[in-house]
Amino acid sequence: MFLFPKRSRTFHMNSAWLRLPPLSSLRAFVAVGATGSIRKAGAMLNVDHSAVSRHINCLEAQLGVSLLAPEGRGITLTPDGKLYFERVSKGFEILGDATADIFGSQSKSLTISAPPALAHRVLLPRIPELELLLPDWDVKLTTGEEEGRGEVEGPNTVSITFQSAAAISTSIHSERIAHPRILPLASAKASATWPSIKSASDLFQVPLIQQASNGYWIRWFAALGVRELPALRGPNLPNTLLALEAARRGQGVALVNETIAADLIRDGELVVLFETEVRLAGYYLNTPKSIYGRNSALQLRKWIKNIAL
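Written out as structure tokens, the structure is:
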């Protein structure tokens with residue numbers, strides 16, 4: 058026999074929830090507010106847009122106010138609609154978090170999402186150490202964007218992102234775990250054949266490996282006070298891993314943060330052409346607040362600190 062838990066004597070709930078509009082109508086309204094389009098809301102909910110319109114009409118009839126108004130060829134939220142959307146969407150977020158927590162509490166899986174270069178060069182070799190800290194857990198390592206915004210996907214997923222500031226979110230705890238310098242790196246063999254490089258402007262004499270995704274060189278030179286740049290010459294590559302490999306092969310100078318390149322510098326595969334204190338961004342550990350205090354998240358933070366990014 059199923060026994061309901063005894064209700065706390067301090068628990069009170071008014072009867073307003075008994076008069077709520079149908080959940081399907083509220084979902085349709087939130088989808089329209091989020092997408093700004095009835096058709097897009099239908100696609101999000103996997104229903105025909107006419108069904109979304111019917112739900113909105115029913116909701117407006119029950120509330121006695123207009124929630125949407127025409128704007129050009131589209132629609133917009135009315136003032137009442139904006140206020141209602143802000144509060145109802147927060148309610149759905151709470152429901153979503155509560156549901157995710159239930160599923161997450163049953164799972165023994167922890168997923169870490171990190172930029173490809175960090176995952177490959179720093180985290181992957183040290184995954185066995187984390188598995189020792191969490192012997193009963195299935196630890197997964199996935200790769201995300203080179204520079205992220207602090208998002209996480211799933212209740213048992215944490216992300217490590219390279220960004221300029223902590224993520225601002227009501228559901229994510231974001232903390233900086235490293236603030237590495239950005240250094241010009243090259244192979245010792247190649248740099249020995251180049252002109253002497255003692256300052257940022259000297260780099261214009263040699264090939265500079267560019268990464269299309271981050272615009273590092275422009276930002277880095279600007280941080281050093283060099284704002285007028287000649288046309289940069291050198292390979293144009295899509296990510297940091299390829300930039301490091303090209304530098305190792307003597308194809309030019311890679312601009313990479315010291316966290317990723319630490320072992321290559323230590324082993325002498327790459328040399329720092331000259332030291333700088335330029336720090337364009339930092340690594341942030343983004344953890345769902347729903348799991349922040351759990352042992353798995355605590356052990357993950359312990360592992361991260363041991364790595365000493």
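Numbered according to my numbering, the sequence shown spans residues 58 to 366.
Don't be surprised by glycine CBs; every beta carbon is placed ideally from N, CA and C.
In this text, all values refer to a predicted model and were calculated from it rather than measured experimentally.
Buried or exposed: A354, going by 16 or more other Cβ atoms within 10 Å of its Cβ?
Residue numbering aside, residue 354 sits at position 297 when the sequence shown is read from its first letter. Classification of A354: buried, given that the 10 Å Cβ count is 16 or more.
For G90, which option in N103, W74, L124 and F278 has the closest C-alpha, if you only look at C-alpha atoms?
Here residue 90 refers to the residue found at position 33 of the sequence shown. Taking only the C-alpha atoms, the option nearest G90 is L124.
Please list, in chain order, all residues of the same chain as K359 whose beta carbon is under 8 Å from its beta carbon, the five residues on each side excluded.
Here residue 359 refers to the residue found at position 302 of the sequence shown. Hits under 8 Å: L190.
Which same chain residues, not among the five before or five after F68, have their C-beta less than 6 Å away from its C-beta?
Here residue 68 is taken as the residue at index 11 of the sequence shown, counted from 1. For F68, the pLDDT reaches just 47, beneath the cut-off of 50, and the residue's location in the model is therefore unreliable, leaving the point undetermined.
Of all the options V87, L294 and P264, which has the alpha carbon lying nearest to the alpha carbon of L140?
On the sequence shown, position 83 is the one that residue 140 refers to. Nearest of V87, L294 and P264 to L140, Cα basis: V87.
Return yes when the Cβ of V310 is within less than 9 Å of the Cβ of P264, no when it is not.
On the sequence shown, position 207 is the one that residue 264 refers to. On the sequence shown, position 253 is the one that residue 310 refers to. Yes, these two residues count as a Cβ contact at 9 Å.
Near T200, which residues of its chain fall below 6 Å by C-beta distance, leaving aside the five closest residues on each side in sequence?
Locating residue 200 in the sequence shown gives position 143, counting from the first residue. These residues qualify, in order along the chain: P173 and A176.
Between which residues of its own chain and L60 is the CB-CB distance below 8 Å, once the five residues before and five after are set aside?
On the sequence shown, position 3 is the one that residue 60 refers to. Because L60 sits at a pLDDT of 47, beneath the cut-off of 50, its placement in the model cannot be relied upon, and the point is left open.
Could you say if the stretch 74-86 and the stretch 102-114 meet the contact criterion of at least three C-beta pairs nearer than 8 Å?
Taking a cut-off of 8 Å on C-beta distances, the stretch 74-86 touches the stretch 102-114, as three or more cross pairs fall below it.
So the alpha helix (DSSP H) P185 belongs to, where does it begin and stop?
Working through the sequence shown from its first residue, we reach residue 185 at position 128. Per DSSP, P185 belongs to the alpha helix (DSSP H) from I184 to L190.
Taking just the CA atoms, how far does Y273 sit from S347?
One-based indexing of the sequence shown puts residue 347 at position 290. One-based indexing of the sequence shown puts residue 273 at position 216. A straight-line Cα-Cα distance of about 35 Å links S347 and Y273.
By the 10 Å Cβ neighbour count, where 16 or more other Cβ atoms means buried, how is A257 classified, buried or exposed?
Position 200 of the sequence shown, counting from 1, holds the residue named residue 257. Classification for A257: buried.
Which partner residues does S231 have in the DSSP bridge list?
As a first step, residue 231 must be located in the sequence shown, where it is residue number 174. N343, per the DSSP bridge assignment.
Name the two residues that bound the continuous beta strand (DSSP E) containing S170.
Counted from its first residue, the sequence shown places residue 170 at position 113. Segment S166 to A171, the beta strand (DSSP E) holding S170.
In angstroms, rounded to a whole number, what distance separates the CA positions of P136 and P78?
The count along the sequence shown starts at 1 and reaches residue 136 at position 79. The count along the sequence shown starts at 1 and reaches residue 78 at position 21. Inter-residue distance for P136 and P78 is about 19 Å (C-alpha atoms, whole angstroms).
Hey, how far is the Cα of N213 from the Cα of M101?
To locate residue 213, count along the sequence shown from 1; it is residue 156. To locate residue 101, count along the sequence shown from 1; it is residue 44. Near 24 Å, if we compare the C-alpha coordinates of M101 and N213.
For the alpha helix (DSSP H) that contains Q262, what are its first and last residues?
Within the sequence shown, numbered from 1, the residue matching residue 262 stands at position 205. No alpha helix (DSSP H) contains Q262, which DSSP labels as neither H nor E.
So who's on the other strand from K197, going by DSSP bridges?
The residue you call residue 197 lines up with position 140 of the sequence shown. T168.
Between G341 and S231, how many whole angstroms is the CB-CB distance? I'm expecting something under 8 Å.
What you label residue 341 is simply residue 284 of the sequence shown in a count that begins at 1. What you label residue 231 is simply residue 174 of the sequence shown in a count that begins at 1. The question names Gly, yet the displayed sequence has Tyr at residue 341. Right, their Cβ atoms sit about 5 Å apart.
Return the first residue and the last residue of the alpha helix (DSSP H) that S216 is part of.
Here residue 216 refers to the residue found at position 159 of the sequence shown. First-last for S216: T214 to Q220, but that is the beta strand (DSSP E), not the alpha helix (DSSP H).
On a CA-only basis, which of A171, G138, G129 and F219 is nearest L198? Give me that one, please.
Taking the sequence shown and counting its residues from 1, one reaches residue 198 at position 141. Per the Cα distances, A171.
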